[in-house]
Amino acid sequence: VKVNKALRQRLTLQRFNLMDEFPWRESIDIIFCRNVMIYFNTETQQALVNKFHGSLVKGGYFFIGHSESISRLKHRFSQVAATFYRK
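Residues in the sequence shown are numbered consecutively from -9, following the working numbering.
Shown next, in the form of structure tokens:
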């Protein structure tokens, strides 16, 4: 994906260990966690989905990969599309 230059200047992209405390302090607008959670057990997936929900602003967006699903997890997201959720 190529991001428009004006938008790219406003983005903060970070890599970090999902099992650690998240590196940001304020709520964020969007999370892309694509094709990652399939490698974790259900308990870890649940913990991550809870952390993601708590990290997003109201109305924030959460994207997962096409090979993933959070339908069997307890979550408070509204599903917008197959891999696209909103807080």
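In this text, a Cβ means the ideal position worked out from N, Cα and C, and glycines have one as well.
query                                                                                            : result
Proximal residues to Gly50 (C-beta, below 8 Å), its chain only, five neighbours per side dropped : Ser17, Ile18, Asp19, Ile20, Ile21, Arg76, Lys77
Where Ser57 falls: helix, strand or coil (DSSP)                                                  : coil
Extent of the continuous beta strand (DSSP E) run through Glu42                                  : Reading the sequence as shown, one finds Phe at residue 42 and not Glu. Run containing Phe42: none in the beta strand (DSSP E); it sits in the alpha helix (DSSP H), 32 to 45.
Euclidean distance between Cα positions of Trp14 and Ile54                                       : 20 Å
Lys(-5) in three-state terms, based on DSSP                                                      : helix
Beta-bridge partners of Ser68, as assigned by DSSP                                               : Arg76
C-alpha distance - Leu63 paired with Thr34, whole-angstrom precision                             : 11 Å
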